[in-house]
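S.K.:
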Amino acid sequence: MATTAQITITSPDLMPGSALNIAPPVVTLTKAGVNADLDQKLSGVIKVTVGDPTEHRLGPLATEMAGDAHDIASYLYIKNTTTEDATYYIDWGIHETMIGRLYAGDWMFIPWNASDDAAEIEIQAIGGTNIIEYCLFNSDVILPTAA
Amino acid sequence: MATINATATISSDIASYPVTISGEMTMTKSANPSVGLEETTGLRTKKFTTTTAAVIVEHDELTDDKAHKVYIRNASANRANFFYVAYNASAAAAGTAETIGKLYGGDWMLMPYNGNVNITVASSTATETQMLEYMVFADGIVAAKG
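Taken in order, these protein sequences are the chains called A and B. According to our numbering, the first sequence is numbered sequentially starting from 4. According to our numbering, the second sequence is numbered sequentially starting from 28.
1. Does the pairing of the segment 133 to 151 of chain B with the segment 24 to 41 of chain A give three or more beta-carbon distances under 8 Å?
2. Tell me the rounded alpha-carbon separation between Val-148(B) and Ile-99(B).
3. Can you tell me the Cβ-Cβ gap for Asn-145(B) and Val-82(B), rounded? I've got them flagged as a contact below 8 Å.
4. Taking the DSSP output, what are the residues bridged to Gly-128(B)?
5. Report the residue ranges of all alpha helix (DSSP H) runs contained in full by the segment 53 to 139 of chain A; include only those spanning at least 4 residues, in chain order.
6. Below 7 Å CB to CB, which residues in the same chain sit around Gly-47(A) once its five sequence neighbours on both sides are set aside?
7. Residues of the segment 4 to 16 of chain A in Cβ contact with chain B at a cutoff of 9 Å, in chain order, please.
8. Which whole-angstrom value describes the C-beta separation of Leu-130(B) and Phe-75(B), a residue pair presumed to lie in contact below a C-beta threshold of 8 Å?
9. Excluding the five sequence neighbours on either side, which residues of its own chain have a C-beta within less than 7 Å of the C-beta of Leu-64(A), listed in chain order?
10. In whole angstroms, what is the alpha-carbon distance linking Val-97(B) and Ala-150(A)?
11. Ends of the beta strand (DSSP E) at Val-27(B)?
12. Assuming Val-82(B) is part of the beta strand (DSSP E), what are its boundary residues?
13. Anything in chain B within Cβ reach of His-210(A), meaning under 9 Å, just list it in chain order.
14. Alpha carbons only, please: which of Ile-113(A), Val-51(A), Tyr-80(A) and Arg-104(A) is nearest the one belonging to Glu-45(A)?
15. I'd like to know whether the C-beta of Leu-159(B) is nearer than 8 Å to at least one C-beta of chain A.
16. Which of the three DSSP states is assigned to Asp-166(B) in this structure?
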């Protein structure tokens, strides 16, 4: 099992006379500090609505991840697939601290170490209902006990 | 305005059905999403030989509450080492508000950034040198005061 990630960032005109072409080698994402491949993932497509509650948790809490699955090397991809209005965006952050705006059409990819339950991923829809795709790699989620 | 395109390709065979994510975007301004970003702090490379935390993005150089993007890559090869990456006013990057994650050797990240608080990093090792690449694609740079 292998999970790989590659990025390219290009611009012919951001820096006149010097075309930008960032294209580092493909990286194989592994468990923290070792060469073992990631072996868990959690993904979905969800509508994020404006209003009560204003902030939503995306993904598990640290205590909802088994053993050493948290505080290590998890990776989160989110794409805002909203097409209704290009000014809509998702405010994203850690716990209650918002870090950036993921506008309609934008994607992001970050490492996330989920050090504790106060390091959860939070998102908030701004402008209107936003639709996002997400994929969290290496989320060893503990399934709830059946009733 | 400039045209800046970013593409992520993430492939995984964790599941029995292979997953390939192909994310493409053109970086645009918050006030007008049809207009491309046109400023940058430049691509920087920094060598770290200690675990002392450092600010790599100073928020007061950027306009607040905008659609900046930050690219960061651990350009070292050793998967045993990493950088803490945090969104924090002070230099601390580990175990603080708000540590985002650990960027291991070869890992990269691209995140939207509002420009309201500094971005900080701290190397996990003082015995091995680690190299960090980073670049801000800015939705407004504040001119330095004389």
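Cβ coordinates follow ideal geometry from the N, Cα and C atoms, glycine included.
M.R.: Once the coordinates are examined:
1. Touching, yes, given that three or more Cβ pairs across the two stretches are closer than 8 Å.
2. Taking the Cα positions, Val-148(B) is about 10 Å away from Ile-99(B).
3. At roughly 5 Å, the Cβ-Cβ gap stays under 8 Å, so Asn-145(B) and Val-82(B) are in contact.
4. BP columns for Gly-128(B) point to Val-112(B).
5. The segment 53 to 139 of chain A contains no whole alpha helix (DSSP H) run of 4 or more residues.
6. Result list for Gly-47(A): Tyr-137, in chain order.
7. When CB distances to chain B are screened at a threshold of 9 Å, the residues of the segment 4 to 16 of chain A falling below it are Met-4, Ala-5, Thr-6, Thr-7, Ala-8, Gln-9, Ile-10, Thr-11, Ile-12, Thr-13, Ser-14, Pro-15 and Asp-16, in chain order.
8. With a Cβ gap of about 12 Å, Leu-130(B) and Phe-75(B) do not count as contacting.
9. Only Asp-120 and Glu-123 meet the Cβ criterion.
10. Roughly 45 Å separates the two Cα atoms.
11. A query on residue 27(B) cannot be resolved here, the shown segment of chain B reaching from 28 to 173 and no further.
12. In the DSSP assignment, Val-82(B) falls within the unbroken beta strand (DSSP E) covering 81 to 84.
13. Examination of residue 210(A) is not possible in this model, given that chain A is present from 4 through 150 alone.
14. According to the sequence displayed, residue 45(A) carries Leu and not Glu. Check the Cα spacing between Leu-45(A) and each of Ile-113(A), Val-51(A), Tyr-80(A) and Arg-104(A): the tightest is with Tyr-80(A).
15. Contact with chain A is absent for Leu-159(B), since none of that chain's Cβ atoms lies less than 8 Å from the residue's Cβ.
16. Asp-166(B): coil per DSSP, three-state reduction.
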